[in-house]
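Report on the following structure.
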Amino acid sequence: MSQQHPDVPFAVTLDVGSSLANLTGTWRTERPVYVDRLPPCNHACPAGENIQAWLAYAEEGDYEAAWREAMRDNPLPAIMGRACYHPCEGACNRSPLDDAVNIHAVERFLGDQAIEKGWVPAAGAAPTGKKVLVIGAGPSGLSAAYHLRRLGHAVTIREAGPVPGGMMRFGIPAYRLPREIVQAEIDRILAMGVDLDLNHKVEDIQAEMKDGGFDACFLAIGAHLAKRVDIPTPDAGKILDAIGVLREMDTSENPPLLGRRVVVYGGGNTAIDMARTAKRLGAEEAIIVYRRTREMMPAHDFEVEEALAEGVILNWLTTIKEIDDSGSFVVEKMALNDEGWPEPTGEFDTIEADSLVLALGQNVDTGFIAKVPGVEIDKDGVIQVGPDMMTGFEGLFAGGDMVPSERTITVAVGHGKKAARHIDAWLGGARHEPPPRHELAGMDKLNTWYYADAPKAVQPALDVVRRQTSFDEIHRGLDETNALYEARRCLSCGNCFECDNCYGVCPDNSVIKLGPGKRFEFNYDYCKGCGICAAECPCGAIEMVPENI
Amino acid sequence: MLEQIEGSHAVAKAIALSRPEVICAYPITPQTHIVERCAELIRVGAIRNCEFINVESEFAALSVAIGSSAAGARTYTATASQGLLFMAEAVYNAAGLGLPIVMTIGNRAIGAPINIWNDHSDSMALRDAGWIQLHAETNQEAADLHIQAFKLAERLSAPVMVCMDGFILTHAYERVEIPTQDQVDAFLPPYRPRQILDPSDPYSIGAMVGPEAFMEVRYLAHDKLLQALGVIPEIQKEFEDIFGRDSGGLFHSYRMEDAKTVVVTMGSLAGTVKDLVDDLHKDGARIGVISLCSYRPFPLDGLRYALRGASKVIVLEKSLAPGFGGVLASDVRMALQGVDTHVHTVIAGLGGRPITRKSLARMFARAERGELKDPHFLDLDLDIVRREIDNQRGQITAGPIAENILREIGPCTPKAV
Ligand SMILES: Cc1cc2nc3c(=O)[nH]c(=O)nc-3n(C[C@H](O)[C@H](O)[C@H](O)COP(=O)(O)OP(=O)(O)OC[C@H]3O[C@@H](n4cnc5c(N)ncnc54)[C@H](O)[C@@H]3O)c2cc1C
Ligand code: SF4
Ligand code: SF4
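Chains B and L, in that order, are what the protein sequence lines are.
Residues are numbered in this note's numbering as their position in the first sequence, beginning at 1, plus a constant of 29.
Residues are numbered in this note's numbering as their position in the second sequence, beginning at 1, plus a constant of 84.
What follows is the structure in structure tokens.
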């Protein structure tokens with residue numbers, strides 16, 4: 030040194046030195062570790078979608094990659110983006126900040142893009158030579174068929190109805206779920222080489238399996254038998270059931286005749302859909318009669334609101350006793366007792382109406398299933414399955430509305446996926462062990478200071494007059510700009526999105542950047558475990574783990 | 085050009101004329117007007133090729149200054165009071181690294197209790213950090229000393245503090261001769277760093293040095309400041325040649341010819357003392373005044389020589405070493421080691437307490453009569469102090485002294501300075 034710089038101060042200017050010889054990492058009592066935590070949206074999704082991962086692709090504008098990520102779990106994104114009740118958004122960490130990410134709108138955008146652009150799923154595994162029978166072409170059966178096909182199995186679906194889709198056609202009205210969307214996503218599954226036999230009602234499962242040489246069977250026949258109550262009436266033709274009416278909407282040439290004043294009896298989503306359908310069919314009045322209070326209605330609040338906006342009338346705390354000889358509906362007022370349950374008051378009234386549509390729920394047609402040895406039917410009339418979705422009969426699996434669970438298309442799709450994985454394992458003589466779940470990335474794991482305010486993008490909706498008179502879809506989709514914006518609102522809970530915060534704040538330069546998409550690594554030789562990176566990571570992707578000392 | 089100008093603004097103009105390249109400071113009363121004006125001058129383009137760096141604290145201010153100076157830029161900063169204490173670690177580092185940073189101190193008391201007015205406790209607290217410390221007597225001298233400070237700092241590779249009394253100088257409007265750019269350019273050559281941190285020719289500065297070399301490093305720092313004792317008068321002379329003014333140097337002597345009693349003081353107080361001494365001379369008193377400009381390095385030999393004829397020395401200072409006495413006074417005593425001259429310590433003006441001619445005259449008279457207690461606290465309210473001391477002896481749990489004193493003298497609105 031002194032030769033290079035002859036006149037530098039003694040012992041103040043020194044050779045190029047480095048403190049790298051001091052491995053300060055040894056001082057550490059805790060180490061930061063990069064982790065992937067489970068975003069609450071993923072956690073809440075009954076189809077097990079990796080929402081945060083596909084939002085991350087969408088955020089980059091790579092919609093096809095986003096769609097493919099979604100398709101790993103759910104073969105029906107365009108449908109789901111419309112009809113799913115999106116529990117993901119209810120769990121979204123963004124809610125307390127401004128508003129949940131409009132996840133379903135982005136999913137719908139991706140699904141529609143795929144249909145428009147004709148994207149097809151990647152080729153599946155090599156053929157296994159195994160044959161699986163799927164009974165029922167509802168969302169659960171379709172989902173199972175898709176996943177089984179991707180796993181290399183030959184799949185045949187047998188469907189009792191004239192069209193595939195299950196309740197996606199026979200239940201959910203077209204103004205919420207346009208039929209061409211349903212058909213397009215089903216066609217894409219069939220194009221993967223799934224056989225579909227329509228108008229084929231299975232009556233004897235064991236015989237069909239044997240005759241067709243099937244190695245396993247997934248049963249997903251839904252719950253289609255309308256529940257009824259006994260209402261004395263001189264004219265039985267006046268009483269219909271909602272499931273039957275809604276099914277006719279899709280399967281018969283002529284729309285069902287309900288008259289000018291229609292009473293719908295029940296308080297669930299089906300009752301709401303029925304009343305709104307009646308309105309659209311020309312009823313001047315569609316009246317929902319429900320025996321409990323509005324708050325107790327199982328229907329989703331937003332659907333009730335939409336129905337009210339369309340002019341549907343709600344009559345709660347009321348029961349229908351009979352239809353008298355003059356054709357009037359005799360109703361009795363109810364009141365909540367001390368425990369909050371409705372009780373008759375003895376106060377009667379009459380309603381004039383042309384028809385009564387029952388929307389009191391559905392039962393599973395268990396008749397032919399009961400014949401299969403080992404299958405258990407519980408007291409609610411649903412089929413018992415194990416954690417692997419298998420019934421008491423070896424090789425017979427079941428899912429969707431016919432097994433005990435919430436009845437939604439999302440649960441049905443999730444069951445289809447889960448069953449497919451277990452069937453695949455079972456066919457290979459193994460057991461499918463789902464990977465352990467990551468720790469939940471709750472609000473407490475986030476450093477929300479880093480996120481800018483961004484109000485949610487709202488989907489345009491049809492005006493009320495058009496809604497009352499047509500079956501046109503009510504909600505329109507996002508366009509490319511607001512879909513991108515919406516995807517960018519995602520906080521990336523629990524998963525590094527390469528914001529560089531840790532890289533920037535580390536006082537010991539111990540965060541090593543591995544390059545775009547490759548995230549980061551810690552240099553534990555120098556990381557002193559101060560934890561600043563973990564504190565300043567916006568999304569909770571760094572965990573402090575105690576050292577063994 | 086002669087201007088009627090606030091002290092802070094005169095200093096800012098002097099800084100501007102010195103062509104700094106980096107100014108980095110954190111505002112603190114009473115220094116604020118200086119750095120605000122510097123920032124303004126940069127913004128309007130009156131200081132070219134200069135960057136004003138905003139920082140979050142005094143510690144950062146001097147740390148940035150260290151960085152920029154080490155990278156070869158002429159660097160200026162300013163602070164006061166608690167701000168100086170907050171940057172203390174960096175103050176030592178700047179000196180240890182031999183970086184020619186110039187820093188203004190708007191001298192102010194140190195809390196607690198908090199006090200924004202003038203005394204010398206702040207720069208005194210860091211007198212041993214290895215910086216050259218110059219004290220200005222007037223605003224003219226404050227402006228001039230800054231121009232000299234860059235030259236001094238760069239010639240010696242040592243940082244320089246220019247201390248000016250808070251409010252009394254910083255906020256006072258006075259006539260100040262602002263030099264021209266040509267004059268300053270003729271006096272102060274562009275900065276030629278002794279070494280520059282340069283990534284293409286790397287080396288370390290200030291890294292770990294063990295016991296085998298540390299003593300030598302410190303000795304060299306001491307020696308450097310002793311060299312400054314020679315360089316300061318040289319620069320004073322060079323300055324006078326170009327600007328035609330006697331500014332700076334080690335100390336100023338006033339009416340010392342036949343003085344028997346000599347008042348040694350520092351900073352703006354010298355003006356008041358000189359006026360009084362003029363009056364007293366009319367009555368035949370033989371009092372001289374020495375006002376120190378260079379407190380560090382301390383001109384031991386110069387003072388000893390200057391004080392050779394005095395029979396009584398009164399050190400009038402705005403600092404106190406609790407449990408010991410005067411700070412400046414003990415340095416003066418060191419200069420008079422072995423000489424039988426009585427050195428009185430008079431502590432005055434702490435926390436901005438006005439120092440009036442009347443009080444000074446009374447104190448001089450007592451000194452003349454041989455009645456001055458040592459140390460003497462000018463205008464100390466003995467009643468309050470006695471009561472408080474009694475109180476403390478009575479009940480140890482009495483509240484903090486300062487608050488009790490305030491209670492004694494009633495609600496206190498310190499007069500604006
Ligand atoms: C009016 C209405 C609105 C709804 N709205 C929503 C909504 O907005 N969002 C939501 O998530 N969920 C909604 N649901 C619930 C959702 O539709 C169901 O949970 C879902 O469709 C269940 O899927 P699945 O595959 O189990 O059964 P299904 O969809 O019922 O499909 C079963 C299929 O099996 C066929 N099948 C039956 N028996 C046999 C047999 N023996 N042999 C061969 N095939 C047979 C049926 O014809 C049918 O096609 C709604 C339901 C209704 C009734
Ligand atoms: S912010 Fe994103 S990752 Fe977090 S819950 Fe909402 S959608 Fe999921
Ligand atoms: S701070 Fe940013 S870059 Fe670092 S782990 Fe968290 S999200 Fe990833």
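The C-beta atom is built at its ideal place from N, Cα and C for all residues, glycine as well.
This one's a predicted model, so the numbers in the text were calculated from it and none came from an experiment.
CA-to-CA distance, Ala-157 of chain L to Arg-132 of chain L, given in whole angstroms = 13 Å
Are the CB atoms of Ala-237 of chain L and Ile-289 of chain L nearer to each other than 9 Å?
-> no
Distance CB(Pro-459 of chain L)-CB(Val-430 of chain L) smaller than 9 Å | Cβ distance < 9 Å, so Pro-459 of chain L and Val-430 of chain L count as in contact.
Over what stretch of residues does the beta strand (DSSP E) that includes Asp-224 of chain B continue unbroken?
-> 224–226
Member of B:Asp-554, B:Glu-576 and B:Val-487 whose CA lies at the smallest distance from the CA of Ala-50 of chain B | It is B:Asp-554 whose Cα lies nearest to the Cα of Ala-50 of chain B.
Is Ser-499 of chain B buried or exposed, if buried means 16 or more other CB atoms sit within 10 Å of its CB?
-> exposed
Compare the C-beta of Gly-46 of chain B with all C-beta atoms of chain L and state if any pair is closer than 9 Å.
-> yes
Limits of the unbroken alpha helix (DSSP H) element including Pro-438 of chain L = That residue, Pro-438 of chain L, is in no alpha helix (DSSP H); it is neither H nor E in DSSP.
Identify, in the order they occur along the chain, each residue of the same chain with its Cβ nearer than 6 Å to the Cβ of Lys-235 of chain L, setting aside the five sequence neighbours on each side.
-> Leu-272 and Ile-319
Going by other Cβ atoms of all chains shown within 10 Å of its Cβ, with 16 needed for buried, is Ile-252 of chain L buried or exposed?
-> buried
Cβ separation of Asn-122 of chain B and Leu-475 of chain B, assumed to be a contact under 8 Å, to the nearest whole Å = With 8 Å as the limit, Asn-122 of chain B and Leu-475 of chain B qualify as a contact, their Cβ atoms being about 6 Å apart.
Could you say which of B:Tyr-92, B:Leu-126, B:His-182 and B:Ala-129 lies nearest to Gly-140 of chain B if we only look at CA atoms?
-> B:Tyr-92
Any non-hydrogen atom of ligand 1 within 8 Å of Lys-230 of chain B CB | yes
Mind listing, in chain order, the residues whose beta carbon lies closer than 7 Å to a non-hydrogen atom of ligand 3?
-> B:Tyr-63, B:Ser-521, B:Cys-525, B:Phe-526, B:Glu-527, B:Cys-528, B:Asp-529, B:Asn-530, B:Cys-531, B:Tyr-532, B:Arg-548, B:Phe-549, B:Cys-562, B:Glu-565, B:Cys-566, B:Pro-567, B:Cys-568, B:Ala-570 and B:Ile-571
Who are the neighbours of Ala-40 of chain B on chain L, taking C-beta pairs under 8 Å?
-> Val-293, Ala-297, Phe-298, Glu-300 and Val-301
Is it the case that the Cβ atoms of Ala-213 of chain B and Gly-506 of chain B are separated by a distance below 9 Å?
-> no
Option nearest Leu-502 of chain L by Cα separation, candidates L:Met-350, L:Val-373 and L:Gly-351 | Residue 502 of chain L lies beyond the range of chain L shown here (85 to 501); nothing can be said about it.
Is the beta carbon of Ser-384 of chain B within less than 8 Å of some heavy atom of ligand 1?
-> no
Pro-498 of chain L: buried (16+ other C-beta within 10 angstroms of its C-beta) or exposed?
-> Annotation note: pLDDT 46 at Pro-498 of chain L (below 50); position unreliable, coordinate value reported separately. Per the 10 Å Cβ criterion, exposed.
How is Lys-474 of chain B classed by DSSP in three states: helix, strand or coil?
-> helix
May I have the straight-line CA-CA distance separating Ser-147 of chain L from Arg-466 of chain B, to the nearest angstrom?
-> 48 Å
Relative to the alpha-carbon of Thr-379 of chain B, which residue among B:Ala-364, B:Phe-358 and B:Phe-397 has its alpha-carbon at the smallest distance?
-> B:Phe-358
Contact check, Met-196 of chain B vs Gly-251 of chain B under 8 Å by CB: the rounded distance?
-> 6 Å
Could you check what DSSP says for Phe-247 of chain B in three-state terms: helix, strand or coil?
-> strand
Measuring only between beta-carbons, confirm whether Leu-475 of chain B sits less than 9 Å from chain L.
-> Closer than 9 Å: no.
So which residues on chain B does Gln-279 of chain L lean against when the C-beta distance must stay under 9 Å?
-> His-34, Asp-36, Val-37, Pro-38 and Thr-42
Looking only at DSSP bridge pairs, what is Asn-191 of chain L linked to?
-> L:Asp-249
Between which two residues does the beta strand (DSSP E) carrying Asn-344 of chain B extend?
-> For Asn-344 of chain B, the uninterrupted beta strand (DSSP E) segment begins and ends at 342–344.
Going by Cα to Cα distance, which pick from L:Gln-311, L:Ser-207, L:Lys-366 and L:Tyr-110 is closest to Leu-169 of chain L?
-> When L:Gln-311, L:Ser-207, L:Lys-366 and L:Tyr-110 are compared, the shortest CA-CA separation from Leu-169 of chain L is found for L:Ser-207.
Rounded to whole angstroms, how far is the Cβ of Ile-231 of chain L from the Cβ of Ser-92 of chain L, which I believe are closer than 8 Å?
-> 16 Å between Cβ atoms; not a contact.
Please report how far the alpha carbon of Cys-528 of chain B lies from the alpha carbon of Lys-485 of chain B, in whole angstroms.
-> 22 Å
Hey, out of L:Ala-172, L:His-219 and L:Ala-149, whose CA is closest to Lys-34 of chain L's CA?
-> The requested residue 34 of chain L is not part of the displayed model; chain L covers only 85 to 501.
Cβ of Asp-554 of chain B versus every heavy atom of ligand 1: is any distance shorter than 8 Å?
-> no
Reducing DSSP to helix, strand and coil, say where Tyr-338 of chain L ends up.
-> strand
Alpha carbon to alpha carbon, how far is Val-534 of chain B from Phe-247 of chain B?
-> 53 Å
Under a CB-based cut-off of 9 Å, is Leu-86 of chain L close to chain B?
-> no
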